[in-house]
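Peer 1: Residue numbers (our numbering): -5 to 397.
Don't be surprised by glycine CBs; every beta carbon is placed ideally from N, CA and C.
Below, the structure written as C-alpha coordinates:
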(Lines of atoms letter the chains of each structure in order from A and count residues from 1; the text may use other names and numbers.)
(Lines give C-alpha, C1' and ligand atoms only; values in the text may rest on other atoms or scores of the structure.)
Protein backbone atom coordinates (compact mmCIF):
# COMPACT_ATOMS: atom_id res chain seq x y z
CA UNK A 1 0.00 0.00 0.00
CA UNK A 2 1.16 3.57 -0.50
CA UNK A 3 3.00 5.33 2.29
CA UNK A 4 1.12 7.95 4.31
CA UNK A 5 3.00 10.81 2.69
CA UNK A 6 2.06 9.76 -0.85
CA UNK A 7 0.24 12.43 -2.88
CA UNK A 8 -3.45 11.88 -3.46
CA UNK A 9 -4.26 11.86 -7.18
CA UNK A 10 -6.63 9.95 -9.41
CA UNK A 11 -6.12 6.24 -9.99
CA UNK A 12 -6.19 6.74 -13.74
CA UNK A 13 -3.02 8.82 -13.42
CA UNK A 14 -1.04 6.22 -11.50
CA UNK A 15 0.95 3.09 -11.96
CA UNK A 16 2.53 1.28 -9.04
CA UNK A 17 6.19 0.33 -9.08
CA UNK A 18 7.07 -2.47 -6.69
CA UNK A 19 10.30 -3.69 -5.18
CA UNK A 20 11.03 -6.25 -7.89
CA UNK A 21 9.88 -4.40 -10.99
CA UNK A 22 11.79 -1.88 -13.09
CA UNK A 23 14.26 -1.01 -10.37
CA UNK A 24 17.76 0.31 -10.90
CA UNK A 25 20.33 -0.05 -8.11
CA UNK A 26 23.11 2.52 -8.61
CA UNK A 27 26.59 1.34 -7.63
CA UNK A 28 25.18 -1.89 -6.24
CA UNK A 29 23.40 -0.09 -3.42
CA UNK A 30 19.79 -0.55 -2.32
CA UNK A 31 19.66 3.06 -1.18
CA UNK A 32 18.30 5.80 -3.42
CA UNK A 33 16.37 3.42 -5.63
CA UNK A 34 15.14 4.66 -8.96
CA UNK A 35 11.78 3.42 -10.21
CA UNK A 36 10.19 3.57 -13.61
CA UNK A 37 6.75 5.08 -13.23
CA UNK A 38 4.33 5.50 -16.14
CA UNK A 39 0.66 5.95 -16.76
CA UNK A 40 -1.24 4.21 -19.52
CA UNK A 41 -1.19 7.23 -21.78
CA UNK A 42 1.52 9.61 -20.60
CA UNK A 43 5.27 9.76 -20.58
CA UNK A 44 7.55 7.51 -18.60
CA UNK A 45 9.82 9.10 -16.04
CA UNK A 46 12.59 8.06 -13.69
CA UNK A 47 11.75 9.14 -10.14
CA UNK A 48 13.63 8.70 -6.91
CA UNK A 49 12.52 6.99 -3.70
CA UNK A 50 14.85 7.37 -0.74
CA UNK A 51 14.31 3.83 0.57
CA UNK A 52 12.30 0.85 -0.62
CA UNK A 53 8.93 0.95 1.15
CA UNK A 54 7.00 -1.46 -1.00
CA UNK A 55 4.75 0.52 -3.32
CA UNK A 56 5.02 4.25 -3.78
CA UNK A 57 2.59 6.36 -5.82
CA UNK A 58 3.97 9.36 -7.67
CA UNK A 59 2.44 12.09 -9.78
CA UNK A 60 3.32 12.17 -13.48
CA UNK A 61 4.04 15.66 -14.81
CA UNK A 62 1.65 16.89 -17.46
CA UNK A 63 3.53 17.17 -20.74
CA UNK A 64 0.59 17.47 -23.09
CA UNK A 65 1.79 14.62 -25.29
CA UNK A 66 0.48 11.09 -25.39
CA UNK A 67 2.87 8.16 -25.36
CA UNK A 68 1.90 5.14 -27.45
CA UNK A 69 4.48 2.88 -25.81
CA UNK A 70 2.64 2.00 -22.63
CA UNK A 71 4.92 -0.76 -21.37
CA UNK A 72 8.29 0.94 -21.59
CA UNK A 73 10.99 -0.48 -19.35
CA UNK A 74 13.81 1.87 -18.46
CA UNK A 75 17.04 0.92 -16.73
CA UNK A 76 19.87 3.25 -15.82
CA UNK A 77 19.97 7.02 -15.66
CA UNK A 78 17.51 7.79 -18.47
CA UNK A 79 14.20 9.59 -18.53
CA UNK A 80 11.65 10.59 -21.17
CA UNK A 81 10.36 14.03 -20.17
CA UNK A 82 8.31 14.59 -23.33
CA UNK A 83 7.39 13.35 -26.77
CA UNK A 84 6.21 14.81 -30.05
CA UNK A 85 3.14 13.44 -31.78
CA UNK A 86 3.78 13.17 -35.53
CA UNK A 87 0.02 12.87 -36.13
CA UNK A 88 -0.05 9.69 -38.16
CA UNK A 89 3.26 10.23 -39.95
CA UNK A 90 5.90 7.50 -39.69
CA UNK A 91 9.29 9.08 -38.88
CA UNK A 92 12.31 7.50 -40.57
CA UNK A 93 15.11 10.04 -40.17
CA UNK A 94 15.86 12.66 -37.50
CA UNK A 95 18.17 15.63 -37.21
CA UNK A 96 18.48 18.43 -34.68
CA UNK A 97 19.07 21.93 -35.97
CA UNK A 98 22.56 23.28 -35.48
CA UNK A 99 21.34 25.85 -32.94
CA UNK A 100 19.58 23.10 -30.96
CA UNK A 101 16.14 24.73 -31.08
CA UNK A 102 14.40 22.34 -33.47
CA UNK A 103 14.15 18.69 -34.38
CA UNK A 104 13.56 17.89 -38.04
CA UNK A 105 11.64 14.69 -38.76
CA UNK A 106 11.86 13.03 -42.16
CA UNK A 107 8.73 10.94 -42.70
CA UNK A 108 7.98 7.93 -44.85
CA UNK A 109 5.32 9.93 -46.69
CA UNK A 110 7.99 12.25 -48.09
CA UNK A 111 7.37 15.31 -45.91
CA UNK A 112 9.74 16.85 -43.36
CA UNK A 113 8.24 18.16 -40.12
CA UNK A 114 10.05 20.87 -38.16
CA UNK A 115 9.19 20.89 -34.44
CA UNK A 116 10.14 23.29 -31.68
CA UNK A 117 12.05 21.34 -29.03
CA UNK A 118 10.90 23.59 -26.20
CA UNK A 119 7.14 23.28 -26.64
CA UNK A 120 6.79 20.50 -29.23
CA UNK A 121 4.86 22.73 -31.64
CA UNK A 122 5.00 22.17 -35.39
CA UNK A 123 6.73 25.15 -37.02
CA UNK A 124 7.05 24.02 -40.64
CA UNK A 125 5.96 21.16 -42.87
CA UNK A 126 8.16 20.72 -45.93
CA UNK A 127 6.12 18.82 -48.50
CA UNK A 128 7.29 18.14 -52.06
CA UNK A 129 4.76 18.47 -54.86
CA UNK A 130 3.54 15.00 -55.85
CA UNK A 131 4.76 13.82 -59.27
CA UNK A 132 2.82 11.85 -61.84
CA UNK A 133 3.63 8.16 -62.16
CA UNK A 134 3.51 6.15 -65.41
CA UNK A 135 -0.29 5.90 -65.19
CA UNK A 136 -0.74 9.62 -64.69
CA UNK A 137 -1.55 9.24 -60.99
CA UNK A 138 -0.10 11.68 -58.49
CA UNK A 139 2.52 9.99 -56.37
CA UNK A 140 4.67 11.28 -53.51
CA UNK A 141 7.85 9.28 -53.07
CA UNK A 142 8.90 8.08 -49.61
CA UNK A 143 11.79 9.90 -48.02
CA UNK A 144 14.94 7.93 -47.19
CA UNK A 145 17.21 10.31 -45.22
CA UNK A 146 17.63 13.92 -44.12
CA UNK A 147 20.72 15.89 -43.11
CA UNK A 148 21.12 19.40 -41.73
CA UNK A 149 23.91 21.55 -43.10
CA UNK A 150 26.52 22.28 -40.44
CA UNK A 151 29.54 24.54 -40.66
CA UNK A 152 33.04 23.76 -39.41
CA UNK A 153 34.56 27.04 -40.57
CA UNK A 154 35.07 29.92 -38.16
CA UNK A 155 32.90 32.94 -38.71
CA UNK A 156 30.03 31.09 -40.41
CA UNK A 157 26.66 31.24 -38.71
CA UNK A 158 24.26 28.38 -38.14
CA UNK A 159 22.75 27.07 -41.34
CA UNK A 160 19.02 26.75 -41.96
CA UNK A 161 19.49 24.20 -44.74
CA UNK A 162 18.11 20.67 -44.66
CA UNK A 163 18.65 18.26 -47.55
CA UNK A 164 16.75 15.06 -48.20
CA UNK A 165 17.02 11.99 -50.41
CA UNK A 166 14.03 10.06 -51.72
CA UNK A 167 13.56 6.52 -52.96
CA UNK A 168 12.41 7.95 -56.30
CA UNK A 169 15.92 9.28 -56.96
CA UNK A 170 15.27 12.87 -55.88
CA UNK A 171 17.60 15.16 -53.95
CA UNK A 172 15.86 18.20 -52.47
CA UNK A 173 17.25 21.18 -50.55
CA UNK A 174 15.03 23.22 -48.23
CA UNK A 175 15.25 26.26 -45.99
CA UNK A 176 13.45 24.87 -42.95
CA UNK A 177 12.93 28.27 -41.29
CA UNK A 178 10.59 29.58 -43.99
CA UNK A 179 9.59 26.32 -45.67
CA UNK A 180 10.94 27.20 -49.11
CA UNK A 181 12.24 24.58 -51.54
CA UNK A 182 15.61 25.92 -52.70
CA UNK A 183 16.21 23.29 -55.35
CA UNK A 184 15.62 19.73 -56.46
CA UNK A 185 17.02 17.26 -58.94
CA UNK A 186 16.09 13.73 -59.98
CA UNK A 187 18.50 11.10 -61.21
CA UNK A 188 18.45 10.61 -64.97
CA UNK A 189 17.86 6.90 -64.35
CA UNK A 190 14.30 6.78 -63.01
CA UNK A 191 14.89 3.27 -61.61
CA UNK A 192 17.66 4.41 -59.25
CA UNK A 193 16.90 4.89 -55.55
CA UNK A 194 18.65 7.54 -53.45
CA UNK A 195 19.18 5.98 -50.01
CA UNK A 196 21.39 8.33 -47.97
CA UNK A 197 23.42 11.50 -48.08
CA UNK A 198 26.13 13.47 -46.32
CA UNK A 199 26.63 17.24 -46.40
CA UNK A 200 30.24 18.36 -46.38
CA UNK A 201 30.67 20.84 -43.48
CA UNK A 202 33.59 22.61 -45.19
CA UNK A 203 32.43 23.03 -48.80
CA UNK A 204 29.11 23.08 -50.66
CA UNK A 205 29.14 19.44 -51.74
CA UNK A 206 26.57 16.73 -51.01
CA UNK A 207 27.41 13.03 -51.36
CA UNK A 208 24.45 10.75 -52.20
CA UNK A 209 24.44 6.95 -51.81
CA UNK A 210 22.60 4.95 -54.48
CA UNK A 211 20.98 1.53 -54.59
CA UNK A 212 23.47 0.35 -57.24
CA UNK A 213 26.51 1.02 -55.06
CA UNK A 214 27.51 4.29 -56.71
CA UNK A 215 28.04 7.56 -54.85
CA UNK A 216 27.25 10.84 -56.58
CA UNK A 217 28.74 14.18 -55.56
CA UNK A 218 26.48 17.18 -56.12
CA UNK A 219 27.35 20.87 -56.13
CA UNK A 220 24.85 22.27 -53.63
CA UNK A 221 24.56 25.61 -55.43
CA UNK A 222 23.85 24.29 -58.93
CA UNK A 223 22.66 20.73 -58.14
CA UNK A 224 24.95 19.51 -60.90
CA UNK A 225 26.76 16.18 -60.53
CA UNK A 226 30.46 16.92 -60.14
CA UNK A 227 31.63 13.31 -59.83
CA UNK A 228 30.37 9.73 -59.78
CA UNK A 229 32.35 7.40 -57.51
CA UNK A 230 32.06 3.72 -58.42
CA UNK A 231 33.97 0.47 -58.19
CA UNK A 232 35.97 -0.91 -61.09
CA UNK A 233 34.13 -3.19 -63.50
CA UNK A 234 36.13 -6.38 -62.98
CA UNK A 235 34.52 -8.95 -60.67
CA UNK A 236 37.16 -9.03 -57.95
CA UNK A 237 37.32 -5.24 -57.54
CA UNK A 238 37.04 -3.93 -53.98
CA UNK A 239 37.53 -0.22 -54.76
CA UNK A 240 33.88 0.64 -54.26
CA UNK A 241 30.47 -0.80 -53.39
CA UNK A 242 28.60 -3.47 -55.34
CA UNK A 243 25.32 -3.14 -53.43
CA UNK A 244 23.14 -0.57 -51.70
CA UNK A 245 24.88 2.30 -49.88
CA UNK A 246 23.06 3.17 -46.66
CA UNK A 247 25.45 5.52 -44.88
CA UNK A 248 28.04 8.16 -45.79
CA UNK A 249 30.02 10.16 -43.24
CA UNK A 250 32.45 13.00 -43.87
CA UNK A 251 35.72 13.15 -41.98
CA UNK A 252 35.42 15.86 -39.29
CA UNK A 253 38.78 17.47 -40.14
CA UNK A 254 39.57 16.72 -43.81
CA UNK A 255 37.17 18.19 -46.41
CA UNK A 256 38.09 15.59 -49.06
CA UNK A 257 37.79 12.40 -47.03
CA UNK A 258 34.67 10.39 -46.24
CA UNK A 259 33.60 6.80 -45.59
CA UNK A 260 30.60 4.73 -46.63
CA UNK A 261 28.96 1.39 -45.87
CA UNK A 262 25.90 -0.63 -46.80
CA UNK A 263 24.78 -4.11 -47.79
CA UNK A 264 28.00 -5.43 -49.33
CA UNK A 265 29.72 -5.81 -45.94
CA UNK A 266 32.53 -3.38 -46.72
CA UNK A 267 33.64 -0.05 -45.30
CA UNK A 268 34.94 2.10 -48.14
CA UNK A 269 37.41 4.97 -47.73
CA UNK A 270 37.09 7.78 -50.25
CA UNK A 271 38.98 10.84 -51.41
CA UNK A 272 36.51 13.06 -53.26
CA UNK A 273 39.18 13.91 -55.85
CA UNK A 274 39.52 10.24 -56.88
CA UNK A 275 36.68 8.25 -58.54
CA UNK A 276 37.61 4.94 -56.87
CA UNK A 277 37.79 4.08 -53.18
CA UNK A 278 41.33 4.47 -51.87
CA UNK A 279 40.95 1.48 -49.54
CA UNK A 280 38.32 -0.85 -48.10
CA UNK A 281 37.72 -3.06 -45.06
CA UNK A 282 35.52 -6.14 -45.04
CA UNK A 283 33.02 -6.61 -42.22
CA UNK A 284 30.50 -3.80 -41.59
CA UNK A 285 26.87 -4.53 -42.54
CA UNK A 286 25.07 -1.19 -42.25
CA UNK A 287 21.38 -0.52 -42.90
CA UNK A 288 20.94 3.00 -41.50
CA UNK A 289 22.94 5.84 -39.95
CA UNK A 290 25.44 3.31 -38.67
CA UNK A 291 28.72 5.20 -39.11
CA UNK A 292 30.11 8.08 -37.07
CA UNK A 293 33.53 9.61 -36.51
CA UNK A 294 34.63 10.68 -33.07
CA UNK A 295 35.55 14.36 -32.75
CA UNK A 296 39.25 13.69 -33.40
CA UNK A 297 38.61 11.83 -36.64
CA UNK A 298 40.80 8.96 -35.44
CA UNK A 299 38.06 6.47 -34.56
CA UNK A 300 34.95 5.27 -36.37
CA UNK A 301 31.83 4.01 -34.60
CA UNK A 302 30.02 1.25 -36.53
CA UNK A 303 26.48 -0.01 -35.85
CA UNK A 304 25.87 -3.29 -37.70
CA UNK A 305 22.48 -4.75 -38.61
CA UNK A 306 23.29 -8.20 -37.26
CA UNK A 307 23.01 -10.09 -34.00
CA UNK A 308 26.73 -10.63 -33.35
CA UNK A 309 29.46 -7.99 -33.14
CA UNK A 310 26.80 -5.38 -33.69
CA UNK A 311 28.62 -2.38 -32.19
CA UNK A 312 32.30 -1.62 -32.73
CA UNK A 313 34.84 1.14 -32.88
CA UNK A 314 37.77 0.89 -35.27
CA UNK A 315 40.97 2.82 -35.85
CA UNK A 316 40.39 5.03 -38.90
CA UNK A 317 43.97 4.75 -40.15
CA UNK A 318 44.50 1.00 -39.77
CA UNK A 319 40.96 -0.41 -39.75
CA UNK A 320 41.82 -2.38 -36.62
CA UNK A 321 38.93 -3.07 -34.25
CA UNK A 322 39.47 -1.11 -31.04
CA UNK A 323 36.38 -2.07 -29.03
CA UNK A 324 33.67 -4.72 -29.31
CA UNK A 325 30.70 -3.49 -27.28
CA UNK A 326 28.49 -6.50 -28.09
CA UNK A 327 30.74 -9.49 -28.88
CA UNK A 328 28.02 -12.03 -28.08
CA UNK A 329 24.79 -12.64 -29.98
CA UNK A 330 21.99 -10.20 -29.10
CA UNK A 331 18.23 -10.29 -29.90
CA UNK A 332 18.31 -6.98 -31.80
CA UNK A 333 19.82 -5.43 -34.91
CA UNK A 334 21.19 -1.89 -34.94
CA UNK A 335 20.18 0.83 -37.38
CA UNK A 336 21.88 3.86 -35.90
CA UNK A 337 24.49 4.86 -33.31
CA UNK A 338 25.70 8.25 -32.10
CA UNK A 339 28.32 9.55 -29.69
CA UNK A 340 26.79 11.38 -26.73
CA UNK A 341 29.71 13.59 -25.77
CA UNK A 342 33.02 11.78 -25.39
CA UNK A 343 32.04 9.22 -22.79
CA UNK A 344 28.85 7.59 -24.07
CA UNK A 345 27.25 6.05 -27.15
CA UNK A 346 23.53 5.69 -27.83
CA UNK A 347 22.16 3.04 -30.21
CA UNK A 348 18.75 2.15 -31.63
CA UNK A 349 17.55 -0.88 -33.53
CA UNK A 350 14.94 -3.40 -34.51
CA UNK A 351 13.67 -6.95 -33.94
CA UNK A 352 13.74 -6.66 -30.14
CA UNK A 353 13.42 -2.89 -30.46
CA UNK A 354 15.72 -1.20 -28.00
CA UNK A 355 17.51 2.00 -27.05
CA UNK A 356 20.83 1.35 -25.36
CA UNK A 357 23.52 3.61 -23.89
CA UNK A 358 27.13 2.46 -23.49
CA UNK A 359 30.04 3.76 -21.45
CA UNK A 360 32.86 4.28 -23.97
CA UNK A 361 35.69 3.73 -21.49
CA UNK A 362 34.21 0.64 -19.84
CA UNK A 363 32.73 -0.75 -23.09
CA UNK A 364 29.61 -1.72 -21.14
CA UNK A 365 25.90 -0.83 -21.38
CA UNK A 366 24.81 1.55 -18.63
CA UNK A 367 21.19 2.32 -19.54
CA UNK A 368 18.42 1.11 -21.83
CA UNK A 369 14.80 1.46 -22.89
CA UNK A 370 13.01 -1.71 -23.95
CA UNK A 371 9.47 -2.85 -24.78
CA UNK A 372 9.19 -0.24 -27.51
CA UNK A 373 6.36 -1.00 -29.87
CA UNK A 374 8.07 -0.53 -33.24
CA UNK A 375 11.42 -0.56 -34.96
CA UNK A 376 13.57 2.46 -34.15
CA UNK A 377 15.28 3.72 -37.28
CA UNK A 378 17.20 6.75 -36.12
CA UNK A 379 18.52 8.78 -33.20
CA UNK A 380 19.91 12.30 -33.07
CA UNK A 381 21.75 14.26 -30.39
CA UNK A 382 21.07 17.88 -29.56
CA UNK A 383 24.37 19.71 -30.07
CA UNK A 384 23.96 22.37 -27.40
CA UNK A 385 22.89 19.80 -24.81
CA UNK A 386 24.73 16.53 -25.36
CA UNK A 387 22.65 14.81 -22.69
CA UNK A 388 19.45 15.16 -24.73
CA UNK A 389 18.62 12.79 -27.61
CA UNK A 390 15.63 12.17 -29.85
CA UNK A 391 14.48 8.81 -31.22
CA UNK A 392 11.90 8.01 -33.91
CA UNK A 393 9.44 5.29 -32.96
CA UNK A 394 6.00 4.49 -34.38
CA UNK A 395 4.20 7.83 -34.96
CA UNK A 396 6.15 9.93 -32.51
CA UNK A 397 9.52 11.30 -31.47
CA UNK A 398 10.60 10.55 -27.91
CA UNK A 399 12.88 13.05 -26.19
CA UNK A 400 15.41 11.25 -23.98
CA UNK A 401 17.58 12.82 -21.31
CA UNK A 402 20.66 11.05 -20.05
CA UNK A 403 22.91 11.73 -17.10
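For residue 396, which residues does DSSP report across the bridge?
Peer 2: In the DSSP output, where bridge partners are listed per residue, residue 396 has 72.
Peer 1: Let me know if residue 311 comes out buried or exposed under the rule of 16 or more other beta-carbons within 10 Å of its beta-carbon.
Peer 2: That one is exposed.
Peer 1: Taking C-beta to C-beta, are residue 261 and residue 274 nearer than 8 Å?
Peer 2: Yes, they are a contact pair.
Peer 1: According to DSSP, simplified to helix, strand and coil, what is residue 153?
Peer 2: Looking at residue 153 - three-state DSSP - the assignment turns out to be coil, as it is neither helix nor strand.
Peer 1: Report back the beta-carbon spacing between residue 283 and residue 330 to the nearest angstrom; my notes put them in contact at under 8 Å.
Peer 2: Indeed, because the Cβ distance is near 4 Å, the residues count as touching under 8 Å.
Peer 1: In this structure, what does DSSP give as the bridge partners for residue 239?
Peer 2: Bridge partners of residue 239: 256.
Peer 1: Can you find at least 3 beta carbon pairs, one from the region 293 to 308 and one from the region 317 to 328, that sit closer than 8 Å?
Peer 2: Touching, yes, given that three or more Cβ pairs across the two stretches are closer than 8 Å.
Peer 1: Measuring CB atoms only, is the region 71 to 85 touching the region 352 to 370, in the sense that at least three cross pairs come out at less than 8 Å?
Peer 2: Enough Cβ pairs lie closer than 8 Å, so yes.
Peer 1: Helix, strand or coil for residue 332, going by three-state DSSP, please let me know.
Peer 2: Strand.
Peer 1: Pull up the DSSP beta-bridge partners for residue 177, would you.
Peer 2: Looking at the DSSP assignment, residue 177 forms a beta bridge with 167.
Peer 1: If you pair each beta-carbon of the region 194 to 213 with each one of the region 158 to 172, do three or more pairs fall below 8 Å?
Peer 2: Touching, per the Cβ criterion.
Peer 1: Return yes when the C-beta of residue 300 is under 7 Å from any heavy atom of the ligand SAM, and no when it is not.
Peer 2: Within the structure as shown, the ligand SAM is missing, as the structure has no ligands at all.
Peer 1: For residue 276, which of helix, strand or coil comes out of DSSP?
Peer 2: DSSP places residue 276 in strand when its eight states are reduced to three.
Peer 1: Would DSSP call residue 362 helix, strand or coil?
Peer 2: In the structure shown, residue 362 sits in a strand (DSSP, three-state: E or B).
Peer 1: Starting from residue 296, follow the beta strand (DSSP E) in both directions and report where the run begins and ends.
Peer 2: Note, residue 296: beta strand (DSSP E), 293 to 297.
Peer 1: Of the residues 166, 123, 370, which one's Cα is nearest the Cα of residue 141?
Peer 2: Out of 166, 123, 370, 166 has the C-alpha closest to the C-alpha of residue 141.
Peer 1: Mind reading off the beta-carbon distance from residue 122 to residue 100? Whole number of angstroms is fine, and I expect it under 8 Å.
Peer 2: Rounded, the Cβ-Cβ distance is 12 Å, inconsistent with contact.
Peer 1: Label residue 222 either buried or exposed according to how many other C-beta atoms from any shown protein chain fall within 10 Å of its C-beta, with 16 as the threshold for buried.
Peer 2: Exposed.
Peer 1: For residue 335, which option in 232, 309, 383 has the closest C-alpha, if you only look at C-alpha atoms?
Peer 2: Nearest option by C-alpha distance: 383.
Peer 1: Compute the Euclidean distance between the alpha carbons of residue 317 and residue 175, then round it to the nearest angstrom.
Peer 2: The alpha-carbon atoms of residue 317 and residue 175 are separated by roughly 42 Å.
Peer 1: Between residue 377 and the rest of its own chain, which residues show a CB-CB distance below 7 Å, the 5 nearest in sequence each way excluded?
Peer 2: The residues are 90, 92, 94.
Peer 1: Could you tell me which residues DSSP puts in a beta bridge with residue 210?
Peer 2: Partner(s): 202, 222.
Peer 1: Closest to residue 314 by CA distance: which of 138, 199, 278, 257 is it?
Peer 2: Checking every option, the nearest Cα to that of residue 314 belongs to 278.
Peer 1: In this structure, what does DSSP give as the bridge partners for residue 192?
Peer 2: Residue 192 pairs with 201.
Peer 1: DSSP three-state call for residue 351: helix, strand or coil?
Peer 2: Three-state result, residue 351: strand.
Peer 1: Given a threshold of 16 other Cβ atoms within 10 Å of its Cβ, counted over all protein chains shown, does residue 289 qualify as buried or as exposed?
Peer 2: Exposed: under 16 other Cβ atoms inside 10 Å.
Peer 1: Which same chain residues end up closer than 8 Å to residue 83 when comparing Cβ atoms and leaving out the 5 residues on each side of it in sequence?
Peer 2: Same-chain partners within the cutoff: 99, 101, 102, 103, 105, 107, 389.
Peer 1: DSSP puts residue 101 in a beta bridge; with which residues?
Peer 2: For residue 101, which the question treats as bridged, DSSP gives the partners 85.
Peer 1: CB-CB under 6 Å to residue 163, same chain, minus the five flanking residues each way: which ones, in chain order?
Peer 2: Answer for residue 163: 180, 181, 186, 188, listed in chain order.
Peer 1: Considering residue 338, what are the terminal residues of the beta strand (DSSP E) in which it resides?
Peer 2: Counting along the chain, the beta strand (DSSP E) containing residue 338 begins and ends at 338 to 345.
Peer 1: What are the residues that DSSP puts in a beta bridge with residue 391?
Peer 2: 78, 386, per the DSSP bridge assignment.
Peer 1: Residues in the same chain with beta-carbon distance under 6 Å from residue 374, minus the five sequence neighbours each way, listed in chain order, please.
Peer 2: Correct list, in chain order: 88, 89, 90, 384.
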